[in-house]
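Student: Under the working numbering, think of the first position of the first sequence as 7, with each following residue one higher.
Cβ atoms here follow ideal geometry from the backbone N, Cα and C, with glycine treated the same way.
Sharing a structure here in structure tokens format.
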Amino acid sequence: MRGMSEPAQPSISHEAAFGPATPYRDVTCGDLRAGDEGRDVRIAGWVHRRRDHGRLHFIDLRDRYGLTQLVINEAESPEAAQVASRVRPEFVLQVQGTVARRHAGSENADLETGDIEVKVREITILSEAETPPFYINEPDAPVDESLRLRYRYLDIRRRPMLERLLLRSKLVQAIRECHHRAGFVEVETPILLKSTPEGARDFIVPSRLQPGSVYALPQSPQQLKQLLMVAGMDRYFQIARCFRDEDLRGDRQPEFTQLDLEMSFVDEQRVMDFVEAMIVEVSAAVVPDRPIQQLPFPRIDYHDAIERFGSDKPDLRFGMELVDLAPALAAFGETGFKVFDEALAAGGRVKAIVAPGMGESSRSQIDELVSFVRRFGAKGLAHVSVAADGTAHSPIAKFLGDERIAAIVKTATGQPGDLILIVADADHERVADVLGRLRQDLGLRLGLADENVLAYCWVMHFPMYQWEADLGRWHATHNPFSGVVPEDEKLLVTASGDAYKPSHADPAGRARAMQYDIALNGWELGGGSVRIHKRALLERSFALQGYTLEQMNELFGGILEAFDYGAPPHGGIAMGIDRWAALFSHQTNIREVMAFPKTQSGTDLMLGSPSLPELEQYSDLGLRFVGVEPAVEPGKDKAAQ
RNA sequence: GGGCUCGUGGUGUAGCGGCCUAACAUGCCAGCCUGUCACGCUGGAGAUCGCCGGUUCGAAUCCGGUCGAGCCCGCCA
7 MRGMSEPAQP SISHEAAFGP ATPYRDVTCG DLRAGDEGRD VRIAGWVHRR RDHGRLHFID
67 LRDRYGLTQL VINEAESPEA AQVASRVRPE FVLQVQGTVA RRHAGSENAD LETGDIEVKV
127 REITILSEAE TPPFYINEPD APVDESLRLR YRYLDIRRRP MLERLLLRSK LVQAIRECHH
187 RAGFVEVETP ILLKSTPEGA RDFIVPSRLQ PGSVYALPQS PQQLKQLLMV AGMDRYFQIA
247 RCFRDEDLRG DRQPEFTQLD LEMSFVDEQR VMDFVEAMIV EVSAAVVPDR PIQQLPFPRI
307 DYHDAIERFG SDKPDLRFGM ELVDLAPALA AFGETGFKVF DEALAAGGRV KAIVAPGMGE
367 SSRSQIDELV SFVRRFGAKG LAHVSVAADG TAHSPIAKFL GDERIAAIVK TATGQPGDLI
427 LIVADADHER VADVLGRLRQ DLGLRLGLAD ENVLAYCWVM HFPMYQWEAD LGRWHATHNP
487 FSGVVPEDEK LLVTASGDAY KPSHADPAGR ARAMQYDIAL NGWELGGGSV RIHKRALLER
547 SFALQGYTLE QMNELFGGIL EAFDYGAPPH GGIAMGIDRW AALFSHQTNI REVMAFPKTQ
607 SGTDLMLGSP SLPELEQYSD LGLRFVGVEP AVEPGKDKAA Q
């Protein structure tokens, strides 16, 4: 027996253990090159395509790694030819043969393995296959997405989906490497968690051992990572699955993945410095050919982002900034145009964006823009078109007069051929929101954004609270634990002096959070903050949000208690892995970078989830189904039953 | 909760009140073919137009409902 001090020797070599060889194959379909000529190999994979010339068969054999051409010559191996003639696309084969150089002139430059082929002696059909419901060997052929979802395992066989999953794997790998190098510890936190009151609707899991009680699936590991800071972990990260039971969108799934990280003894600057460096490294590792627009990332104050771009996640790949027309108009006194005058009189805004080259837009194109802004609550959309000769034309010229139109064109710096689009509203947030959405939409439609560029930017100093008029309380704009900018700490008071009687007039409304979001090409990639780590301040913040001490202890008792045992100053961020992977893959839909996503109605077309539980399961859980509608298994037609 | 779009052989589309006994491409099946690589050639099978109802002399086509998918508003700290 070996002495205890001797290092254990693996029973098999590194190459044998870690290499591609298995009992079924020596190499993969992507391995063989001209230098392998003469090798006798076994190879296995799926039939990608077959070309049957009667007594000569070609089969392209496919696996994750590539495509290798097999040749079966009836004259040389009649038995193999027999098998080859009944082989069909997507059959799984194992073959044995000799690597040979292809005939001069018949090399295929499109394939990595295009210089060689395998002359097959023996074919074994490992698995036959039905004709697939859509093309697997033609990556560009369009396929209805619900079909792809129903047969996701076939969709993933197709090159584009496979490549996106490979990219995603690379992304997560780069993230992990970067964090480990920076001393972060990867810690897993529970999926069966406790319901949190704020934020999105929770997914609920009934408990059998505690009948009547429920777990909630985490919307994010927020409280746990803060507890890990109290635990002295110092630097934590996790590739964490998160769950939110809200309506779905192209960029929102009921379960999604976040890079969640937290650091101790930091300020905003320190967290952002790490995250920025990490993002730069990860981008370089995953998409090395895509340039980052600006380094260091621009840091934009929330209010500036709203004023200039009408968005807290501005797409900086193009300009088209919002222009305030009020000063230009004010020079002439009241405009005589009710829409503008009333908006300004009520403390609102009149702002514009310039759509380059849209000056010749037809009536119906303008109407389309008007209905676009109406969807977001704008009452209308005024426009001034600048003709090729520089003269301005506008339906509202008859109200404003030529001097004001000229002033608008000058202020907005409208060039010949441009279209100036103007929104006026008493609600300045609505003006910003509508123009921001219009800007993003037009920017992409007009091709102003370079598809290849990665324009990361920070948006900072969000307001701590938003006023919720109907509930009569303040509401944390992002995370309820977000810290307040130190010089604004004194603002966290109510006007009345009663901590539990918030009003819209409270100075707290002006307090800025130590909150930072990271945006990429117009998408919110992530957000984080330096947290409040002192119990007293946290209690004050929660009071402003309308919680009594009792409620606070009920909901956040665990973390509040933890803070009594020595909490380090800490902060962190959470980033959407799915969105990041989608942006890296030039996709506008995160389903395209998820192996098994759900539909917009939250169903899984492949597995048929969610499904009805057995009645026993209810009774085990102490539950009774009182019913809504007779539920139907997803994917099945009610009428067909 | 709401708005919009889509649903036609296996797949992707065309047809949008009678010319449809539903067209095209591809796939599938059979036969032929020894250098292809989206192989080729010849022939064949395959959909009653998501489902239910209505309007009409007549519906894939118009209307209503419903199911499913997508996009969006609300929602998503």
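If you draw a straight line from the C-alpha of K642 to the C-alpha of K231, how long is it?
Tutor: Low local confidence applies: a pLDDT of 39 at K642 is under 50, so the model's placement there is unreliable, with the coordinate-based value given in what follows. Using only the alpha carbons, I get a separation of about 42 Å.
Student: Any idea if A637 is buried or exposed, counting beta-carbon neighbours within 10 angstroms, 16 or more meaning buried?
Tutor: Interpretation of A637 is limited by its pLDDT of 41, a score under 50 that renders its predicted location unreliable; no figure is taken from the coordinates.
Student: How would you write the range of the beta strand (DSSP E) that M520 sits in, first residue to last?
Tutor: No beta strand (DSSP E) contains M520, which DSSP labels as neither H nor E.
Student: Can you tell me which of the three DSSP states M284 falls into?
Tutor: It is helical.
Student: As an exercise, report each continuous beta strand (DSSP E) stretch of at least 3 residues that is fully enclosed by the region 98–151, in chain order.
Tutor: Fully enclosed beta strand (DSSP E) runs of 3 or longer: 98–107 and 122–133.
Student: Spatial neighbours of D251 within its chain, please: CB distance less than 6 Å, with the 5 preceding and 5 following residues excluded, ordered by chain position.
Tutor: These residues qualify, in order along the chain: R207 and F209.
Student: Thinking just about the alpha-carbon of each residue, which of K507, L452, V356 and V277 is nearest to the one in L441?
Tutor: The candidate whose alpha carbon is nearest that of L441 is V356.
Student: Taking R296 as the reference, which of E313, R445 and I285 has the closest Cα?
Tutor: Looking at the Cα atoms, I285 is the closest of the given residues.
Student: Could you check what DSSP says for P26 in three-state terms: helix, strand or coil?
Tutor: Coil.
Student: Report all residues from its chain with a CB closer than 7 Å to the CB of K604; omit the five preceding and five following residues, and keep chain order.
Tutor: Excluding residues within five positions, the ones whose Cβ falls inside 7 Å are Q259, P260 and D610.
Student: Going straight from the alpha carbon of L531 to that of S152, what length do you get?
Tutor: Cα-Cα distance, rounded: 27 Å.
Student: With a cut-off of 8 Å, do at least 3 Cβ pairs link the region 437–451 to the region 502–516?
Tutor: Judged by Cβ distances under 8 Å, the region 437–451 makes no contact with the region 502–516, as fewer than three pairs qualify.
Student: Among H592, S607 and M520, which one has its Cα closest to the Cα of L670?
Tutor: There is simply no residue 670 to check, as the chain begins at 7 and stops at 647 in what is shown.
Student: Give the single residue among K176, D279 and E366 whose Cα lies nearest to the Cα of A291.
Tutor: Nearest option by C-alpha distance: K176.
Student: From the DSSP output, which residues share a beta bridge with V220?
Tutor: V220 pairs with P212.
Student: Return the first residue and the last residue of the beta strand (DSSP E) that E474 is part of.
Tutor: Taken as a continuous stretch (DSSP letters only), the beta strand (DSSP E) holding E474 covers Y471 to E474.
Student: Return the residue from the list S17, R305 and R70 that minimises the CA-CA distance to V167.
Tutor: According to the sequence provided, residue 167 is Met. The question's Val does not apply to it. Residue R70 is the option with its Cα nearest to M167.
Student: Going by CA-CA distance only, name the one from E620, V220 and G552 that's closest to D476.
Tutor: It is G552.
Student: How far does the alpha helix (DSSP H) with C184 in it extend, from its first residue to its last?
Tutor: Its alpha helix (DSSP H) spans residues R165 to R187.
Student: Does the region 35–47 touch the region 111–130, meaning 3 or more C-beta pairs lie closer than 8 Å?
Tutor: Yes, since at least three Cβ pairs between the region 111–130 and the region 35–47 fall closer than 8 Å, the two stretches touch.
Student: To the nearest angstrom, how far is the alpha carbon of G608 from that of A394?
Tutor: Roughly 51 Å between the two C-alpha positions.
Student: Where do the ends of the beta strand (DSSP E) carrying T263 lie?
Tutor: E261 to S270 is the extent of the beta strand (DSSP E) around T263.
Student: On the CB-based measure, 16 or more other CB atoms within 10 Å of its CB, does D146 come out buried or exposed?
Tutor: Classification of D146: exposed, given that the 10 Å Cβ count is below 16.
Student: Give the straight-line distance between the Cα atoms of S377 and Y522, rounded to the nearest whole angstrom.
Tutor: Cα-Cα distance, rounded: 33 Å.
Student: Give me the Cβ distance between L375 and L427, rounded to the nearest whole Å; I'm assuming they're in contact under 8 Å.
Tutor: About 7 Å; that satisfies the 8 Å criterion.
Student: For N458, count neighbouring C-beta atoms within 10 Å of its own C-beta (all shown protein chains included) and say buried if the count is 16 or more, exposed if not.
Tutor: Exposed is the call here.
Student: Measure how close the beta-carbons of G565 and Q264 come, nearest whole angstrom, since I'm counting them as under 8 Å.
Tutor: The residue asked about is misnamed: residue 565 is Ile in this sequence, not Gly. Rounded, the Cβ-Cβ distance is 19 Å, inconsistent with contact.
Student: Compare the C-alpha of A514 against each of W473, G528 and N485 and name the closest.
Tutor: For A514, the nearest C-alpha among the options comes from W473.
Student: Should D570 go down as buried or exposed, given a rule of 16 or more other Cβ atoms within 10 Å for buried?
Tutor: The residue in question, D570, is exposed, as its Cβ has fewer than 16 Cβ neighbours within 10 Å.
Student: Taking the straight line between their C-alpha atoms, what separation do you get for G25 and P139?
Tutor: Near 34 Å, if we compare the C-alpha coordinates of P139 and G25.
Student: What do you reckon, are the CB atoms on N79 and L99 nearer than 8 Å?
Tutor: No, the pair does not count as a contact, with Cβ atoms beyond the cut-off.
Student: Rounded C-beta distance between G533 and A580? I'm assuming under 8 Å.
Tutor: Their Cβ separation, rounded to whole angstroms, is 7 Å, which keeps G533 and A580 in contact under 8 Å.
Student: Taking only three categories from DSSP, how would you classify N485?
Tutor: N485 falls in the coil class under three-state DSSP.
Student: By the DSSP assignment, the alpha helix (DSSP H) with D584 in it spans what residues?
Tutor: I583 to F590 is the extent of the alpha helix (DSSP H) around D584.
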